[in-house]
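For the sequence shown, full-length UniProt numbering gives the first residue as 1, with consecutive numbering after it.
Glycine included, C-beta positions come from ideal geometry on N, C-alpha and C.
Right, one structure below, let's go through it.
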Amino acid sequence: MTPFRHPDPTRHGRDRRARVLAPPPGARRIEGARPTTAVVGGGIAGLAAATALAERGVAVTLYEREPFLGGRVGGWAAGLADGTPATMSRGFHAFFRQYYNLRGLLRRTDPGLERLTGLPDYPLRHSDGLRDGFRRVPRTPPWSALGFVALSPSFRARDLRRMRPLAALELFDVRVPEVYERLDGISAHDFLDAVRFPPSARHLAFEVFSRSFFADPRRLSAAEMVLMFHIYFLGSAEGLLFDVPDAPFPAALWEPLAGYLRRHGARIRTATAVEHVAPAGDGGYTVATTAQEGRHETVVLALDAAGLRSLVARSDRLGDGPWRERVARLRNAPPFLVTRLWLDRPVAPERPAFLGTSGYAGLDNISVLDRYEDEAARWAARTGGSVVELHAYAVHPQDSRETVQKTLIDQLRRVYPETGGAGIVDVRHLWRSDCPLFPVGGYPDRPTVRTPDPGLVVAGDLVRTDLPVALMERAATTGFLAANALLERWGVRGQTLWTVPDRGRGAPLRSLTGLGRRPAD
């Protein structure tokens, strides 16, 4: 086995103001008897935690209830109606350039990130004909915001005159975690109303982004939405362009990482659900599955909101009363639908690989997989067809699933008329409701990495952290933070982390919004 070398901490991205977060000093790795850790959950957070621990000599056992790794970015075999083997997944994920810690995890098996391919733009389209994109927008704040306003047809002079500029400048004054103190108590929808943001720009930009949290803007914390704009647009010089894997998720991402973990001595137990976790008398923990019970010195819970809530409810000796009550109050975002279609003819050659949509009866985006994924491209080349994926987020739980599925396909034909005459070789409709909800006022209730039990830590995109991270990057970052918290107890140096700047860029703008508050440092 090749000895582990800490990744070069300078390899983070193009933003010179990105922050480096060094862990406390310590030994390079554990010498002597190897402590044991159970990682419950094999998504991004669990894989990050398992990687950092195993690299430093911890004996890791990773438990995942599904037969595959990757969690919500996982994939599984699905035979098509024409007999072709295929890989199904929960759909499109954008790997933004400011996902420093996630990309660092992927570099373990792909140092040059050659299994990711960049898409040329992040195009947006509204049903009234307005279109936007980010390819020509400057990447460095505040020129990114000014450039977007100048180039976007969704910002008209009369709309800009109606805006409340001081309220809008909250977007440029993000400070983490202070943004939660200021804005967690109102919804994203009400915040935009207070700013008097132009309706057309609101549809094309803010609502497209807020729905990427799988939530209706009326239920989403304004702090989360404002933080997201800081991360992706107003606070980072990485820009809004992104990469996608050039193969299905298992082949491009998780199968290589599973091999890497095994080479570092980790045991991976897929298709193994953990039923119960309990403190043991000697300070460790017993972890019980349907098949067996094992003892571990420490535990990482890297589960989605429902999974964490359920496991803690079954494990009545974990944590203390207030912590258990906070976990019990965690809620999931509304259901979402992924519809993947294998069509017998191609979409028009000018169609982008990804298109964000608004105003199309619940259709949130369209992906043409054969533009970037090798498996889909081979199928399309062989059959003369195309592989298209549709997403609908924040579906009302009472809506008829059959109606929503039909509506999405109808809207595809509206956006891309050439698909109207296409035959459907196969179709898969995937419904899920397991993404965390970040409701108005919910920030104090969310669990942190550390718990009342020193040997028990939590990771995942639902976890509260005082860092400017979100979505997949929050999952990876909290996974590494969970590992670092455990490594501290053994005197071992943990993973170096990177984030975008933790505050808005541009002192004059911050000073304008700072009236009546302490000045920015």
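In this structure the segment 320-334 does not lie against the segment 289-300, because fewer than three pairs of beta carbons, one per stretch, are closer than 8 Å.
The beta carbons of L257 and L486 sit about 20 Å from each other, so the pair does not count as a contact at 8 Å. Only residues of its own chain outside the window of five on either side were considered, and among them A273, E275 have a CB closer than 7 Å to the CB of T290, listed in chain order. Between the alpha carbons of D243 and T357 lies a gap of roughly 19 Å. Contact check for V60 against A271 fails: the beta carbons are separated by 7 Å or more.
Cβ atoms of V312 and V327 come within 8 Å of each other, at about 5 Å.
Counting C-beta pairs with one atom in each stretch, the segment 474-493 and the segment 358-374 have fewer than three that are closer than 8 Å, which means they do not touch. About 6 Å separates the beta carbon of G13 from that of Y100, a gap short enough to meet the 8 Å contact definition.
Under the rule that a run must span 3 or more residues, the beta strand (DSSP E) segments found entirely inside the segment 330-356 read 336-343. Annotated as proximal: F249 and V73, with beta-carbon spacing under 7 Å. If you check the CB distance, L220 and A252 do not come in under 7 Å.
A residue is called buried once 16 or more other Cβ atoms fall within 10 Å of its Cβ, and R450, having fewer, is exposed.
In this structure, the alpha-carbon of M88 lies about 34 Å from that of N484. Contact holds between the segment 435-445 and the segment 178-195, because three or more Cβ pairs, one in each stretch, are under 8 Å apart. Membership of E293 in the beta strand (DSSP E) is indicated by the continuous run 293-296.
In the same chain as A27, and ignoring 5 residues on each side of it, the C-beta atoms closer than 6 Å to its own belong to G491, V492, in chain order.
Linking V277 to T37 through their CA atoms gives a straight-line distance of about 12 Å. The beta carbon of L171 lies closer than 7 Å to those of V226, F229, L234 in the same chain, with the five residues before and after it left out. The beta carbon of P468 is closer than 8 Å to those of V174, V176, L227, H230, I231, G235, T499, V500, P501, D502 in its chain, skipping five residues each way along the sequence.
For a cut-off of 8 Å, the C-beta gap from A247 to E389 is around 15 Å, too long to register as a contact. In this structure, the CA atom of R135 is about 21 Å from the CA atom of V415.
In the three-state scheme derived from DSSP, where H, G and I count as helix and E and B as strand, L240 is classed as coil. Setting aside the 5 residues that flank it on each side, T298 is surrounded in the same chain by T37, G455, L486, each with a C-beta closer than 6 Å to its C-beta; the list follows chain order.
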